[in-house]
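Chains as they are written, first to last, in this note's numbering: chain A, 523 to 785; chain B, 523 to 785. Glycine included, every Cβ here is placed at the ideal spot set by N, Cα and C. Owing to the predicted nature of the structure, the values given are computational and were not obtained by experimental measurement. Structure first, commentary second.
2 protein chains.
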Amino acid sequence: MSKSPALPASLKQLLVKGNELFLPGISIDCVIFGFHENTLKLLLLDSAKSNKWTLPGGFVLKSEDINDAAYRVLLERTGLNDIYLKQFDVFGQPNRTDASVHKTTFEQYGSKIPKDHWMIQRFVSVGYFALIDYTNFSIQNDPINSVYDWKGIEQVKHLPIEHDHGAIIQKALESLRTQLAYLPIGKNLLPKKFTMPELQKLYETILNKPLDRRNFQRKMLGFGILNKLNETRKGGAHKSPFLYTFNDKKYQKALKKGLYGSW
Amino acid sequence: MSKSPALPASLKQLLVKGNELFLPGISIDCVIFGFHENTLKLLLLDSAKSNKWTLPGGFVLKSEDINDAAYRVLLERTGLNDIYLKQFDVFGQPNRTDASVHKTTFEQYGSKIPKDHWMIQRFVSVGYFALIDYTNFSIQNDPINSVYDWKGIEQVKHLPIEHDHGAIIQKALESLRTQLAYLPIGKNLLPKKFTMPELQKLYETILNKPLDRRNFQRKMLGFGILNKLNETRKGGAHKSPFLYTFNDKKYQKALKKGLYGSW
DNA sequence: AGTCATTGCGTTACACTGACACAATCTAAA
DNA sequence: TTTAGATTGTGTCAGTGTAACGCAATGACT
């Protein structure tokens, strides 16, 4: 026997009890969005062995609602709780995953996946996207792979991505854009207090086009979903912008009808 | 042995070869929309034994893309080909289906489903909605259950519905409404030639509110996606409305940006 | 020929949008 | 301490789109 690192408990559980605990053939993948330094970012995992980036994901317990499973997976792998999470698509191409990746993962620990094992069968994956407040989250280690990192959405295009996760990410972005009027992106991607320019940059980033500062402000205020605070954010060599918070009640109500307008 | 009707071949295949042919735990349900007599209708199946209405559905072959599976299921069960079909949600509650329904179905043919059989395990279902031209479709028998019928969406609320199919239908309707601006509903739900009042009624039905005749026409024509024909539809005791067709090219292009407006 | 519901085409007041002007503010450099 | 440069707060105005409504024309039925 070559001396390999010990097999992590979470992986061992998958190997030994996977087919007993989880539904066969169904997995969950989470596209986690954050916003920082005027950039929309994704929380990705550096898959240790294959040197490719992957989405954090997991499986569905045999008597668990899949939406609950998504929340559990997010919590287990990132420590994030009480997060805005939404299913956006299902990925069901027969050859969407490369089973050899799993084999390699286990081989580095000196373990081998039996042929026809639960884990290397075909999986249909349900895609969820999460919106989180970048400033209120600190990266911790993932129990399975180890290295998390934020990557800008532009940057992601040039990174090596595992399986079909690149396509999943693109689809998540697309959903974010087309459903923008109905999603609480501001509330979930920004810190509690934020400035109008910050909110604008968020919309500009998602829409991928510049917006007029004054018209944007007029429209946003027109929705009646913002509370203007008596504080400003000092810092830059320029006039300090006011801080705002969301009026949660009105925000929720407005989203149901959609924050319409010509963006 | 009591004398039962012979087990249909399609059902026998499910019983004997189901777990060999199909993915475990994943099913497909189709919500089929049609439009007739100013009403949005659904094509439902009268589940012979339970006397409840169900959505036509099916399973995914082991090496088949789930989108392909949806097209195949639709074709096999309704004869419909080349149809607008779109995935809208996944239904994954652990107790969403009632396994006893399947048992009853087979028992009426004198067959019994073995315990722990593939078919009575938990299923996660992927919901698709289909848009079809009511006037260009004639109901044929379904190979599994036998009786298809169109039901108005208002009527559906008061019918007994199998499993969680009622919730699936509601969710399909909701998706139809929120994505209205991006869906080719006119092209797929109406016959090739149609009148402006017919198109309006379709939108009014889906949006569930009346629209101003004159403003609707102005907006629709403004999109530049209609061809006005030199024919009128005679019939009523009133002025004959002109017929229109869609300019497919411009329609597709316009949909990508969304048919915006304040409906 | 007259009735009546429905359709084609049009008008007006109003709200919203896009584009842009100008003063106020804040930090850093002179 | 003063000034420069960048950014923000607030406002204006013409053009476009929307909501609401008017009126004549059409076609089957009486």
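Which residue comes first and which comes last in the alpha helix (DSSP H) that contains residue i?
i               : result
F628 of chain B : 621-629
H687 of chain B : 687-700
E720 of chain A : 718-729
L855 of chain A : In the structure as shown, chain A begins at 523 and stops at 785. Residue 855 of chain A is therefore absent and cannot be evaluated.
What span of residues does the beta strand (DSSP E) with residue i cover, start to end?
i               : result
Y766 of chain A : 764-768
S652 of chain B : Checking the sequence shown, residue 652 of chain B turns out to be Ala, not Ser. Unbroken beta strand (DSSP E) run through A652 of chain B: 646-653.
I550 of chain A : 544-558
F581 of chain A : 579-583
L596 of chain B : No beta strand (DSSP E) holds L596 of chain B; the alpha helix (DSSP H) holding it covers 588-600.
Q609 of chain A : 606-613
F562 of chain B : In the sequence as displayed, the identity of residue 562 of chain B is Leu instead of Phe. Where L562 of chain B is concerned, the enclosing beta strand (DSSP E) stretches over 561-569.
N749 of chain B : 748-754
G674 of chain A : 669-674
K574 of chain A : 574-576
If we count the other Cβ atoms within 10 Å of its Cβ and call it buried at 16 or more, is residue i buried or exposed?
i               : result
V691 of chain B : The question names Val, yet the displayed sequence has Ile at residue 691 of chain B. Per the 10 Å Cβ criterion, buried.
P578 of chain B : buried
G708 of chain A : buried
D770 of chain A : exposed
E559 of chain A : exposed
Y766 of chain A : buried
I554 of chain A : buried
E542 of chain A : exposed
G758 of chain A : exposed
D638 of chain A : exposed
T627 of chain B : buried
P580 of chain A : The sequence given here places Gly at residue 580 of chain A; Pro does not occur at that position. G580 of chain A is buried by the Cβ-count criterion.
T619 of chain B : buried
T657 of chain B : exposed
T754 of chain B : exposed
E696 of chain A : exposed
R599 of chain A : buried
K714 of chain B : exposed
K778 of chain A : exposed
L681 of chain A : exposed
List the whole-angstrom C-beta distance separating residue i from residue j, where the pair is believed to meet the contact cut-off of C-beta under 8 Å.
i               : j               : result
E684 of chain A : K574 of chain A : 4 Å
A703 of chain A : I747 of chain A : With a Cβ gap of about 13 Å, A703 of chain A and I747 of chain A do not count as contacting.
L711 of chain A : L724 of chain A : 6 Å
C552 of chain B : Y670 of chain B : Actually they are not in contact, since the Cβ atoms of C552 of chain B and Y670 of chain B sit about 12 Å apart, beyond 8 Å.
K750 of chain B : F764 of chain B : 6 Å
I728 of chain A : R699 of chain A : 6 Å
L567 of chain A : K673 of chain A : Going by Cβ atoms, the distance from L567 of chain A to K673 of chain A rounds to 11 Å, so no, they are not a contact pair.
L602 of chain A : F557 of chain A : 15 Å between Cβ atoms; not a contact.
Short of 7 Å in beta carbon distance, which residues of its chain neighbour residue i, apart from the five on each side in sequence? Order them along the chain.
i               : result
G540 of chain B : W640, M641
F745 of chain A : A776, L781
L607 of chain A : A592, Y593, L596, Y650, A652
V582 of chain A : F544, L545, I548, I550, I588, A591
K772 of chain B : G746, I747
E726 of chain B : P732, L733
A694 of chain B : V553, F610, G649, F651
K584 of chain B : L543, F544, L545
L721 of chain B : G708, L712, M742
M523 of chain A : Note that M523 of chain A has pLDDT 47, beneath the 50 cutoff, so the model's placement of it is unreliable and no number is given.
R644 of chain A : G547, P616
K756 of chain B : S762
V678 of chain B : L564, I691
Ignore the nearest five residues each way along the sequence and tell me which others in residue i's own chain have a CB closer than 6 Å to its CB.
i               : result
V538 of chain B : none
I661 of chain A : Y670
A528 of chain B : none
N617 of chain B : none
Identify, in the order they occur along the chain, each residue of the same chain with its Cβ nearer than 8 Å to the Cβ of residue i, setting aside the five sequence neighbours on each side.
i               : result
Q535 of chain A : L543
Q615 of chain B : D686
V646 of chain B : G547, I548, S549, V612, F613, G614
What residues in the stretch 539-561 of chain A have a beta carbon less than 9 Å from any beta carbon of chain B?
-> Considering only beta carbons, the part of the stretch 539-561 of chain A lying closer than 9 Å to chain B consists of L545, P546, G547, I548, in chain order.
With 9 Å as the C-beta to C-beta threshold (strictly closer), list the residues of the stretch 684-699 of chain A near chain B in chain order.
-> none
Compile a chain-ordered list of the residues in the stretch 601-621 of chain B whose CB is closer than 8 Å to at least one CB of chain A.
-> Per Cβ criterion, the list reads Q609, D611, V612, G614, Q615, P616.
Contacting positions in the stretch 730-755 of chain A - beta carbon closer than 8 Å to chain B | none
Near-chain A residues of the stretch 622-641 of chain B (beta-carbon distance less than 9 Å), N- to C-terminal order = Of all residues in the stretch 622-641 of chain B, none is placed with a Cβ closer than 9 Å to any Cβ belonging to chain A.
Select from the stretch 561-588 of chain B all residues with a C-beta closer than 8 Å to any C-beta belonging to chain A, and list them in chain order.
-> V582, K584, S585, E586, D587, I588
Contacting positions in the stretch 641-662 of chain A - beta carbon closer than 8 Å to chain B | The residues in question are R644, V646, V648.
Using a Cβ cut-off of 7 Å, which residues of the stretch 695-728 of chain B contact any Cβ in chain A, in chain order?
-> T700, Y704
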